[in-house]
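Visitor:
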Amino acid sequence: MPEQADVAKYNSKSDKLHKQWKVDLIGFAFIAPWLIGFLGFIIGPMIASLYFSFTNYDLLSSPTWIGLDNYINMFTNDSRFWQAIKVTFIFVFGSVPLKLAFALFVAMLFNTKRRGVGLYRTLYYVPSILGGSVAIAVVWKQLFGRDGAINDILSLFGIPSVSWVTSPDFALSTLIILVVWQFGSPMLIFLAGLKAIPAELYEAAAVDGASPLHQFIKITIPMLSPVIFFNLVMQTIQGFMAFTQSFLITEGGPMDRTLFYAVYLYEKAFAHFDMGYASALAWILLLICGIFTAFIFRTAKSWVYYESEGGK
Amino acid sequence: MKRQKNLKTLIYHGSIWVLGLFMIYPILWTIASSLKPENEIFRNAASLIPSEIRWGNYLQGWEGFGDLSFATFFINSTFVTTMVVIGTLLSSTLVAFGFARVNFRFRMPLFVCMIITLMLPQQVTLIPQYILFHKLGWVNTYLPLIVPAFIGGIPFFIFLMIQFIRGIPRELDEAAYMDGCSTFGIFWRVILPLTTPALATVAIFSFYWTWDDFMTPLVYLNDTKLYTVALGLQMFSDPASLSAWGPMFAMSVASIIPQLLVFLFFQKYLVEGITAGGVKG
Numbered sequence: 001m002p003e004q005a006d007v008a009k010y011n012s013k014s015d016k017l018h019k020q021w022k023v024d025l026i027g028f029a030f031i032a033p034w035l036i037g038f039l040g041f042i043i044g045p046m047i048a049s050l051y052f053s054f055t056n057y058d059l060l061s062s063p064t065w066i067g068l069d070n071y072i073n074m075f076t077n078d079s080r081f082w083q084a085i086k087v088t089f090i091f092v093f094g095s096v097p098l099k100l101a102f103a104l105f106v107a108m109l110f111n112t113k114r115r116g117v118g119l120y121r122t123l124y125y126v127p128s129i130l131g132g133s134v135a136i137a138v139v140w141k142q143l144f145g146r147d148g149a150i151n152d153i154l155s156l157f158g159i160p161s162v163s164w165v166t167s168p169d170f171a172l173s174t175l176i177i178l179v180v181w182q183f184g185s186p187m188l189i190f191l192a193g194l195k196a197i198p199a200e201l202y203e204a205a206a207v208d209g210a211s212p213l214h215q216f217i218k219i220t221i222p223m224l225s226p227v228i229f230f231n232l233v234m235q236t237i238q239g240f241m242a243f244t245q246s247f248l249i250t251e252g253g254p255m256d257r258t259l260f261y262a263v264y265l266y267e268k269a270f271a272h273f274d275m276g277y278a279s280a281l282a283w284i285l286l287l288i289c290g291i292f293t294a295f296i297f298r299t300a301k302s303w304v305y306y307e308s309e310g311g312k
Numbered sequence: 001m002k003r004q005k006n007l008k009t010l011i012y013h014g015s016i017w018v019l020g021l022f023m024i025y026p027i028l029w030t031i032a033s034s035l036k037p038e039n040e041i042f043r044n045a046a047s048l049i050p051s052e053i054r055w056g057n058y059l060q061g062w063e064g065f066g067d068l069s070f071a072t073f074f075i076n077s078t079f080v081t082t083m084v085v086i087g088t089l090l091s092s093t094l095v096a097f098g099f100a101r102v103n104f105r106f107r108m109p110l111f112v113c114m115i116i117t118l119m120l121p122q123q124v125t126l127i128p129q130y131i132l133f134h135k136l137g138w139v140n141t142y143l144p145l146i147v148p149a150f151i152g153g154i155p156f157f158i159f160l161m162i163q164f165i166r167g168i169p170r171e172l173d174e175a176a177y178m179d180g181c182s183t184f185g186i187f188w189r190v191i192l193p194l195t196t197p198a199l200a201t202v203a204i205f206s207f208y209w210t211w212d213d214f215m216t217p218l219v220y221l222n223d224t225k226l227y228t229v230a231l232g233l234q235m236f237s238d239p240a241s242l243s244a245w246g247p248m249f250a251m252s253v254a255s256i257i258p259q260l261l262v263f264l265f266f267q268k269y270l271v272e273g274i275t276a277g278g279v280k281g
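As you go down the protein sequences, you meet chains A and B in turn. If you count the first sequence from 1, position 152 lands on 152 in UniProt numbering, and the numbers rise without skipping. If you count the second sequence from 1, position 225 lands on 225 in UniProt numbering, and the numbers rise without skipping.
#1: Quick check on the DSSP output: the alpha helix (DSSP H) that includes A:S173 runs from which residue to which?
#2: When the cut-off is 7 Å and only beta carbons count, does A:T122 lie next to chain B?
#3: Quick check on B:K280: does DSSP put it in helix, strand or coil?
#4: Starting from the beta carbon of B:S252, find every residue of chain A whose beta carbon is closer than 7 Å, and list them in chain order.
#5: Suppose contacts are defined by Cβ-Cβ distances below 7 Å. Is A:L59 in contact with A:M223 by that definition?
#6: List the residues of chain B whose Cβ lies closer than 8 Å to the Cβ of A:F157, in chain order.
#7: Beta carbons nearer than 9 Å to chain A: which residues of the region 142-167 of chain B have them?
#8: Are the CB atoms of A:F190 and A:A107 within a distance shorter than 7 Å?
#9: Which of the three DSSP states is assigned to B:F65 in this structure?
#10: For A:I66, which residues in the same chain have their Cβ closer than 7 Å to its Cβ, ignoring the five residues on either side in sequence?
#11: Does the Cβ-Cβ distance between A:L33 and B:I151 come in under 7 Å?
#12: How many Å lie between B:V253 and A:T250 at the Cα?
#13: Rounded to whole angstroms, what is the Cα-Cα separation between A:I217 and A:L285?
#14: Skipping 5 residues on each side, what residues in its chain have a beta carbon closer than 8 Å to that of A:L232?
#15: So, for A:K141: in the same chain, excluding its five sequence neighbours on each side, which residues have a beta-carbon less than 6 Å away from its beta-carbon?
#16: On a Cα-Cα basis, can you pick out the residue from B:G66, B:V219, B:F249 and B:V124 that is closest to B:F42?
#17: By the 10 Å Cβ neighbour count, where 16 or more other Cβ atoms means buried, how is A:S133 classified, buried or exposed?
#18: Compare the beta carbon distance of B:V95 and A:I31 with 7 Å and say whether it is the shorter of the two.
#19: Measure the alpha-carbon distance for B:T195 versus B:I158 and round it to whole angstroms.
#20: What does the Cβ neighbour count give for B:R170, buried or exposed, with the cut at 16 atoms within 10 Å?
#21: Looking only at DSSP bridge pairs, what is A:T55 linked to?
#22: Under 7 Å Cβ-Cβ, which residues of chain A neighbour B:D212?
#23: Is the beta carbon of A:I42 less than 7 Å from the beta carbon of B:T125?
#24: Rounded to a whole number of angstroms, what is the C-alpha to C-alpha distance between A:L68 and B:T72?
#25: Does the Cβ of B:K225 have 16 or more other Cβ atoms within 10 Å, making it buried, or fewer, making it exposed?
#26: Out of B:S33, B:I127, B:N103 and B:V139, which has the shortest C-alpha to C-alpha gap to B:A45?
#27: Name the residue from B:I24, B:Y58 and B:R105 whose alpha carbon lies nearest to the alpha carbon of B:E38.
#28: Are the CB atoms of A:T244 and B:K214 within a distance shorter than 7 Å?
#29: Considering only residues of the same chain and omitting the five flanking positions on each side of B:D238, which have a CB-CB separation below 8 Å?
#30: With a threshold of 7 Å between beta carbons, is A:A271 in contact with chain B?
#31: Is there a Cβ from chain A that is less than 7 Å from the Cβ of B:D62?
#32: With a cut-off of 7 Å, does the C-beta of B:M23 fall near any C-beta of chain A?
#33: When you compare each of B:F97, B:W17, B:L68 and B:W211 to A:I26 by their alpha carbons, which one comes out closest?
#34: Could you name the residues of the same chain whose beta carbon sits closer than 7 Å to that of B:F156, not counting the 5 residues immediately before and after it, in chain order?
#35: Nearest-angstrom Cα distance between B:P109 and A:F28?
#36: So that I know if they touch, is there some Cβ in chain B lying closer than 7 Å to that of A:F30?
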């Protein structure tokens, strides 16, 4: 009888293999749309762009290999590249913390059961859904123009008019105000996070005599840290990719003071058709975003608190 | 005690209204400016009340310039946005079901790849994608705008759907399987109907992002007849060709009306979707 048992065992094993094969086929059939896009539109193009970054390529004639020249030029010869880096860093470091702080502040205001909170939440979210549109960019330019409404309002307080958009000192701040104004998405995410914190924690702390500030530091911040982490990563990446605001409102100017990295890259690629150089720029952007994301993930271990892991 | 509570409530609502006015002011200002006579827009800039209401700005703006009216841009945008929403819904639900419910080999590494692309800056793939589409002869057509949506172009939506499907009890799948349902049957008859709220969220966000999108059409569309609302508005507001501020503001308002309407009708899904995606993530 041993043989028969072996056969049965073999059969069930092959049956299992057969089944796994079938499951694989079904699985790949479902994810096929993404997989095709991933290979054809992401991995393929990325490899191509790595290659182009070592070439001189104007789209019309075929690319010629120039080795590291693009990168060397970028770092040693191209002051606008450094300007773009500087502007983008100021923009990200200026806007992201402000936006998140503001989002958290407003979320805490709305984390009560008072009347009208639903309406308020909606009101505060509207700028964020419209914020990315060309209409808002176009309007922002006029609103902060020399004859714009902002100057009119400021003059009521005796503040002299400034041409916000075209002044080298204020142009970047004007764009930062625009993105901070669109704090709606992180606000909603914070709000959901706040609602998930058990009320007992605050009650217990209040019994122990902890002040609101103390409760905020010892309870709210740690309990909210996974959400803060998520918002921080998403907003930072979005900040590095910012394009429309600078392209439309300040056109990179004045004197390159708002030359966002994405705008510079676009210029190189689609105004000068220097695809090789633009590819190199894109890879440096990827590197910068990668380093930042990795850095945030690295430090996350020390400040992000996950309940399921039983603390830090 | 009660008086103190009342005072607190008053301060709370008062400060939210004041802050809220700042939040909403630029939008109100745009609407007000779109109705003002030309010479008033920058003379009484901060004021939100026009001395007389000029609906004519809308008519004049809608006519556009040359032989291009805003109707063309709206039709173009509506077409592109509809196709993108359909494509996104189809691809993101199929892919999400595959990742969430089918235990195929290489599922985890592929899932990780997808999560990484979630954080990939658009600019990195922009240039090679442009070269690819250029070679395929797709530049100056809607294909580069639409096709990516059908092949899971925005991983965020797949991710959102996966999170949602994971929340549906697996027992439902098993019961259907016992009743002789195929995997596709489980997807079609069990999971898909249950994901309606998530589908609504995905549809709304993909509507917003496509309607708003400026960079992709800017890169791929040269022919002004193909322009979307975003590009049309940019062309309209170009200082070199700008003659009329009132109509320009009127078209700015017109371009955000579809977004405002969607927001009014679907804000429940919008708010739920963003909080679900964020917190579970």
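The beta carbon of each residue, even a glycine, is placed where N, CA and C say it ideally should be.
Guide: So, from the listed chains and residues:
#1: What you label residue 173 of chain A is simply residue 173 of the first sequence in a count that begins at 1. That run of the alpha helix (DSSP H) goes A171 to W181.
#2: For the purposes of this step, residue 122 of chain A is taken as the residue at position 122 of the first sequence. Yes, A:T122 lies at the interface with chain B (some Cβ there is under 7 Å from its Cβ).
#3: For the purposes of this step, residue 280 of chain B is taken as the residue at position 280 of the second sequence. Because B:K280 carries a pLDDT of 42, less than 50, the predicted location of this residue cannot be relied on, and no value is offered for it.
#4: The count along the second sequence starts at 1 and reaches residue 252 of chain B at position 252. Contact note: B:S252 reaches chain A through A135, V138 and V139, using a C-beta cutoff of 7 Å and chain order.
#5: Sequence index remark: in the first sequence, residue 59 of chain A carries index 59 (1-based). Sequence index remark: in the first sequence, residue 223 of chain A carries index 223 (1-based). Contact annotation: A:L59 and A:M223 have beta-carbon atoms that are not nearer than 7 Å.
#6: Locating residue 157 of chain A in the first sequence gives position 157, counting from the first residue. Identification of chain B residues near A:F157 by a Cβ-Cβ cut-off of 8 Å yields none; the smallest Cβ-Cβ distance measures about 12 Å.
#7: Residues passing the 9 Å Cβ filter: V147, P148, F150, I151, G152, G153, P155 and I158.
#8: As a working mapping, residue 107 of chain A is identified with position 107 in the first sequence. As a working mapping, residue 190 of chain A is identified with position 190 in the first sequence. Their beta carbons are under 7 Å apart, which means A:A107 touches A:F190 by this criterion.
#9: Within the second sequence, residue 65 of chain B is the residue found at index 65, counting from 1. It is a strand residue.
#10: Residue numbering aside, residue 66 of chain A sits at position 66 when the first sequence is read from its first letter. Hits under 7 Å: F54, T55 and N56.
#11: Here residue 33 of chain A refers to the residue found at position 33 of the first sequence. Here residue 151 of chain B refers to the residue found at position 151 of the second sequence. For the sequence presented, residue 33 of chain A should be read as Pro rather than Leu. Closer than 7 Å, so yes.
#12: For the purposes of this step, residue 253 of chain B is taken as the residue at position 253 of the second sequence. For the purposes of this step, residue 250 of chain A is taken as the residue at position 250 of the first sequence. Rounded to the nearest whole angstrom, the CA to CA distance from B:V253 to A:T250 is 21 Å.
#13: Counting from 1 along the first sequence, the entry for residue 217 of chain A is found at position 217. Counting from 1 along the first sequence, the entry for residue 285 of chain A is found at position 285. Counting only the Cα atoms, A:L285 lies some 35 Å from A:I217.
#14: Counted from its first residue, the first sequence places residue 232 of chain A at position 232. Hits under 8 Å: V96, L100 and I296.
#15: Locating residue 141 of chain A in the first sequence gives position 141, where the first residue counts as 1. A distance below 6 Å between beta-carbons, with the five flanking residues on each side excluded, links A:K141 to the following residues of its chain, in chain order: V165 and I249.
#16: As a working mapping, residue 42 of chain B is identified with position 42 in the second sequence. Relative to the Cα of B:F42, the nearest Cα in the group B:G66, B:V219, B:F249 and B:V124 belongs to B:F249.
#17: Counting from one through the first sequence, the residue named residue 133 of chain A turns up at place 133. A:S133 is classed as buried because its beta carbon has at least 16 other beta carbons within 10 Å across all chains shown.
#18: Mapped onto the second sequence, residue 95 of chain B falls at position 95. Mapped onto the first sequence, residue 31 of chain A falls at position 31. Cβ distance < 7 Å, so B:V95 and A:I31 count as in contact.
#19: Taking the second sequence and counting its residues from 1, one reaches residue 195 of chain B at position 195. Taking the second sequence and counting its residues from 1, one reaches residue 158 of chain B at position 158. The alpha-carbon separation between B:T195 and B:I158 amounts to approximately 13 Å.
#20: Locating residue 170 of chain B in the second sequence gives position 170, counting from the first residue. Label assigned to B:R170: exposed.
#21: Residue numbering aside, residue 55 of chain A sits at position 55 when the first sequence is read from its first letter. Beta bridge pairing from DSSP links A:T55 with A:W65.
#22: In the second sequence, the residue the question calls residue 212 of chain B occupies position 212. Chain A residues near B:D212: G132 and S133.
#23: Locating residue 42 of chain A in the first sequence gives position 42, where the first residue counts as 1. Locating residue 125 of chain B in the second sequence gives position 125, where the first residue counts as 1. In terms of Cβ geometry, A:I42 and B:T125 form a close pair [threshold 7 Å].
#24: In the first sequence, the residue the question calls residue 68 of chain A occupies position 68. In the second sequence, the residue the question calls residue 72 of chain B occupies position 72. Going by the C-alpha atoms only, they are around 46 Å apart.
#25: Walking along the second sequence from the start, residue 225 of chain B turns up at place 225. Counting Cβ neighbours within 10 Å, B:K225 comes out exposed, since fewer than 16 surround it.
#26: Here residue 45 of chain B refers to the residue found at position 45 of the second sequence. Nearest neighbour of B:A45 by Cα position, chosen from B:S33, B:I127, B:N103 and B:V139, turns out to be B:S33.
#27: As a working mapping, residue 38 of chain B is identified with position 38 in the second sequence. Of the listed residues, the one whose Cα sits closest to B:E38 is B:Y58.
#28: For this step, residue 214 of chain B is matched to residue 214 along the second sequence. For this step, residue 244 of chain A is matched to residue 244 along the first sequence. Note that residue 214 of chain B is Phe in the sequence shown, not Lys. With contacts defined by Cβ atoms closer than 7 Å, B:F214 and A:T244 form a contacting pair.
#29: Start at 1 with the first residue of the second sequence, and residue 238 of chain B comes out as number 238. Within the same chain, no residue comes within 8 Å of B:D238 by CB-CB distance, once the 5 residues on both sides are set aside.
#30: For the purposes of this step, residue 271 of chain A is identified with residue 271 of the first sequence, where counting begins at 1. Not an interface residue.
#31: Position 62 of the second sequence holds residue 62 of chain B. For clarity, residue 62 of chain B is Trp in the given sequence; the question names Asp instead. Chain A contact via Cβ: absent.
#32: Counting from one through the second sequence, the residue named residue 23 of chain B turns up at place 23. At least one chain A Cβ lies under 7 Å of B:M23.
#33: Taking the first sequence and counting its residues from 1, the one referred to as residue 26 of chain A is at position 26. Checked all of B:F97, B:W17, B:L68 and B:W211; the closest Cα to A:I26 is B:F97.
#34: Locating residue 156 of chain B in the second sequence gives position 156, counting from the first residue. Contacts found: L118.
#35: Here residue 109 of chain B is taken as the residue at index 109 of the second sequence, counted from 1. Here residue 28 of chain A is taken as the residue at index 28 of the first sequence, counted from 1. Annotation: B:P109 to A:F28 spans about 13 Å, alpha carbon to alpha carbon.
#36: For the purposes of this step, residue 30 of chain A is taken as the residue at position 30 of the first sequence. Taking Cβ atoms only, chain B reaches closer than 7 Å to A:F30, which makes this a yes.
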